[in-house]
Amino acid sequence: MAFGVTYRDAALPLGGIWSSPFARWGGTLAGCSSLDVAVAVTDRALDERHVDRGEVDGLVLGWTVPQPAIFYGGPTLATRLGMPAVTGPMISQACATSVAALHQAAGLVESGAGPQLVVVTDRTSNGPKLDWPNPSAPDRAPVHEDWVRDSFARDPCTGEDMLATAENVAAEGGFTRGDTDALAVLRSQQYERSLADDRAFQRRYMIDVVLPQGDGGPVLLTADEGVRAVEPVRAGRLPTVRPGGAHTAASQTHPADGAAGALVTTAARAGELSGGRGRVRLLAVGFARVAPVHMPQALVPAARAALKAADLDIGSVAAVTTHNPFAVNDLYFARETGVRLESMNAYGCSLVFGHPQGPTGMRSLAELVEELRMRGGGVGLFAGCAAGDTAAALVVEVTD
Numbered sequence: 094m095a096f097g098v099t100y101r102d103a104a105l106p107l108g109g110i111w112s113s114p115f116a117r118w119g120g121t122l123a124g125c126s127s128l129d130v131a132v133a134v135t136d137r138a139l140d141e142r143h144v145d146r147g148e149v150d151g152l153v154l155g156w157t158v159p160q161p162a163i164f165y166g167g168p169t170l171a172t173r174l175g176m177p178a179v180t181g182p183m184i185s186q187a188c189a190t191s192v193a194a195l196h197q198a199a200g201l202v203e204s205g206a207g208p209q210l211v212v213v214t215d216r217t218s219n220g221p222k223l224d225w226p227n228p229s230a231p232d233r234a235p236v237h238e239d240w241v242r243d244s245f246a247r248d249p250c251t252g253e254d255m256l257a258t259a260e261n262v263a264a265e266g267g268f269t270r271g272d273t274d275a276l277a278v279l280r281s282q283q284y285e286r287s288l289a290d291d292r293a294f295q296r297r298y299m300i301d302v303v304l305p306q307g308d309g310g311p312v313l314l315t316a317d318e319g320v321r322a323v324e325p326v327r328a329g330r331l332p333t334v335r336p337g338g339a340h341t342a343a344s345q346t347h348p349a350d351g352a353a354g355a356l357v358t359t360a361a362r363a364g365e366l367s368g369g370r371g372r373v374r375l376l377a378v379g380f381a382r383v384a385p386v387h388m389p390q391a392l393v394p395a396a397r398a399a400l401k402a403a404d405l406d407i408g409s410v411a412a413v414t415t416h417n418p419f420a421v422n423d424l425y426f427a428r429e430t431g432v433r434l435e436s437m438n439a440y441g442c443s444l445v446f447g448h449p450q451g452p453t454g455m456r457s458l459a460e461l462v463e464e465l466r467m468r469g470g471g472v473g474l475f476a477g478c479a480a481g482d483t484a485a486a487l488v489v490e491v492t493d
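Spelled out as structure tokens, the structure:
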């Protein structure tokens, strides 16, 4: 099942989408609330882009891992950003949260609202452990849930974990351990491109995390943390996660922490905020769900639904980025769409730089936009899977 939605008049100004570097699980940001990280990153992004905060009409906050005081998340975030009269919805849709939040903001703009600030943030490190009251149990012991680990480990609809979805698609599609190793090596090499010339590509969209910490020095994150180069020999020596499986530690992503954001407005206003040079039009979105325990397949119907809603085909697309927590995601997508593996994720992807869930898609979209700007413009497609055998996709058009 899939559906797409067309946007008539929703856009971002050039430079109006950004992301922090991503920190590894248990790394630099592990002790920081993701809301604090969101404030630091968004505040800096708005200042660097000379955004008039008085013009922001609403805020859409996306997150998937609860943090202290998240109940007041949206209004608190807006107040801390110097916009005490601003509010808006909070969105949570697993790994599709970035697309869902942009979709919400685009709908508000097309309904007549002013510019919408989208903020997506998550900390998978030190996720909460919850106790749910269970008075009907014989010993009245509570039900325990580790929010992050249990979510990764079990889909309540199937009882299977996320790795099972990847191994199912690999086995049924005939994708081998050699295929996933080769894809992991390719994506690692593409990520290295983003580091060239003192990270010139990443600096086009990336915002440092600078968090004051009382009397001590600030928490600083100025580059991705936890990325390890994947070389052919090393990849071939790693054991598969499951006996007989196709994926190793190199061909699946790692959990991470970070934040990202965007400013959504009308096409005319986006052009003005870009100094008349161009804009990033949001053309259409697609959402899809596939058969149980087949999550990596969902990118394809989501992408097709978005392209159909935009009245385009895959041949019209100049650049593609994906959220690919498993190598088989891209292998399957390329086989079904005809997109060459080498032409996707030209500067890396979540398989390499990690997956903080909520902001993951926004970072890939930021990279998509900047790749298109470097090409002089064109149509781009982002697609990413999400929990529950679902996926979301977004089609954009950049003029620069």
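Counting along the sequence shown from 1, when you hit position 35 you're at 128 in our numbering, and nothing is skipped either side. Glycine included, C-beta positions come from ideal geometry on N, C-alpha and C. As the structure is a computational prediction, the values presented were derived from the model and not from experiment.
For Ala-352, list the residues DSSP reports as bridge partners. Ala-352 is bridged to Thr-214.
Look at Val-262 and Pro-418 and say whether their C-beta atoms are less than 9 Å apart. No, the pair does not count as a contact, with Cβ atoms beyond the cut-off.
Classification of Arg-216 by the beta-carbon crowding that lies within 10 angstroms, buried from 16 upward: By the Cβ-count criterion, Arg-216 is buried, with 16 or more other Cβ atoms from all chains shown falling within 10 Å of its own Cβ.
C-beta neighbour in chain D for Gly-181, strict 9 Å: Any reference to chain D falls outside this structure, which holds one protein chain only.
Since Asp-243 and Pro-235 should fall inside the 8 Å C-beta cutoff, what is the C-beta to C-beta distance between them, to a whole number of angstroms? In fact, because the Cβ distance is near 14 Å, the residues do not count as touching under 8 Å.
Starting from Thr-99, trace the beta strand (DSSP E) in both directions and tell me its first and last residue. Per DSSP, Thr-99 is one residue of the beta strand (DSSP E) stretching across 95 to 99.
What residue does the beta strand (DSSP E) around His-340 start on, and which one ends it? Taken as a continuous stretch (DSSP letters only), His-340 belongs to no beta strand (DSSP E), as it is neither H nor E.
Starting from the C-beta of Ser-287, find all residues in its chain whose C-beta is less than 7 Å away, skip the five residues before and the five after it, and write them out in chain order. Closer than 7 Å at Cβ, skipping near neighbours: Phe-294, Gln-295, Tyr-440 and Gly-441.
Spatial distance of Val-489 from Gln-283 (CA atoms): Between Val-489 and Gln-283, the alpha-carbon positions lie close to 22 Å from each other.
Counting C-beta neighbours from all protein chains within 10 Å, is the total for Tyr-425 16 or more, i.e. buried, or is it exposed? With 16 or more Cβ atoms within 10 Å of its Cβ, Tyr-425 is classed as buried.
Only counting the same chain, and skipping five residues up and downstream in sequence, which positions put a Cβ closer than 6 Å to that of Ala-322? Around Ala-322: Ser-281.
Using the three-state DSSP reduction, which class does Arg-372 fall into: helix, strand or coil? Three-state DSSP puts Arg-372 in a strand.
Spatial distance of Ala-476 from Thr-172 (CA atoms): The straight-line gap from Cα to Cα measures roughly 33 Å.
Ala-363 and Ala-459 - do their beta-carbons sit closer together than 9 Å? One thing to note: Ala-459 has its Cβ no nearer than 9 Å to the Cβ of Ala-363.
How far does the alpha helix (DSSP H) with Trp-111 in it reach, from first residue to last? Bounds of any alpha helix (DSSP H) do not take in Trp-111; it lies within the beta strand (DSSP E) bounded by 110 to 112.
What is the rounded straight-line gap between the Cα of Gly-307 and the Cα of His-416? Spanning the alpha carbons of Gly-307 and His-416 requires a straight line of approximately 36 Å.
Going by the CB atoms, is the gap between Asp-248 and Ala-386 shorter than 9 Å? For clarity, residue 386 is Val in the given sequence; the question names Ala instead. Taking 9 Å as the Cβ cut-off, Val-386 and Asp-248 qualify as a contacting pair.
Which value, in whole angstroms, describes the spacing of the CA atoms of Gly-368 and Gln-186? Rounded to whole angstroms, the gap between the alpha carbons of Gly-368 and Gln-186 is 34 Å.
When you compare only the Cα positions, how much space is there between Val-413 and Arg-466? Rounded to whole angstroms, the gap between the alpha carbons of Val-413 and Arg-466 is 13 Å.
Got a sec? Which residues, its chain only, sit under 6 Å from Leu-487 by beta carbon, not counting five neighbours each side? Annotation for Leu-487: Val-192, Val-378 and Phe-475 place their beta carbon closer than 6 Å to its own, counting only its chain and skipping 5 residues before and after.
When the Cα atoms are used, what is the spatial distance from Val-320 to Gln-450? Taking the straight line from one Cα to the other gives about 17 Å.
Of all the options Arg-372, Leu-276 and Ala-230, which has the alpha carbon lying nearest to the alpha carbon of Pro-494? Since the first residue shown for the chain is 94 and the last is 493, residue 494 is missing from the structure and cannot be characterised.
CA nearest to the CA of Pro-159, picked from Arg-297, Glu-238, Thr-180 and Met-255: Checked all of Arg-297, Glu-238, Thr-180 and Met-255; the closest Cα to Pro-159 is Glu-238.
For the structure I just gave you, are there three or more beta carbon pairs, one from the segment 119 to 126 and one from the segment 141 to 157, closer than 8 Å? With a cut-off of 8 Å, the segment 141 to 157 and the segment 119 to 126 do not count as touching, because too few Cβ pairs lie within range.
Reducing DSSP to helix, strand and coil, say where Trp-225 ends up. Reduced to three states, the DSSP call for Trp-225 is strand.
If you reduce the DSSP assignment to three classes, tell me which class Leu-304 lands in. Strand at Leu-304.
Roughly how far, in whole angstroms, is the beta-carbon of Thr-121 from the beta-carbon of Val-312, given that I think they are within contact range, below 8 Å? Going by Cβ atoms, the distance from Thr-121 to Val-312 rounds to 6 Å, so yes, they are a contact pair.
Length of the line joining the Cα atoms of Val-179 and Thr-492: Those two C-alpha atoms are separated by around 30 Å.
Drop a sphere of 10 angstroms on the beta-carbon of Gly-97, count the other beta-carbons inside from all chains shown, and report buried for 16 or more, exposed for fewer. So Gly-97 counts as buried.
Contacts around Arg-494, its chain only, beta-carbon distance under 6 Å, and the 5 residues preceding and following it disregarded: Examination of residue 494 is not possible in this model, given that the chain is present from 94 through 493 alone.
Beta carbon of Ile-163, beta carbon of Tyr-298: below 9 Å? Contact flag unset, no.
Would you grab the beta carbon distance between Asp-482 and Ala-384 for me? Rounded to a whole angstrom, and I think it's under 8 Å. Confirmed, Cβ separation roughly 7 Å.
Any idea if His-143 is buried or exposed, counting beta-carbon neighbours within 10 angstroms, 16 or more meaning buried? Burial call: exposed.
Identify the residues that DSSP records as bridge partners of Thr-415: which are they? Looking at the DSSP assignment, Thr-415 forms a beta bridge with Ala-476.
Could you tell me if Tyr-100 is buried or exposed, where buried requires 16 or more neighbouring beta carbons within 10 angstroms of its beta carbon? Residue burial annotation: Tyr-100 is buried, with at least 16 other C-beta atoms found within 10 angstroms of its C-beta.
For Gln-209 and Ala-353, what's the separation of their Cα atoms in angstroms? When only Cα atoms are considered, Gln-209 and Ala-353 end up about 14 Å apart.
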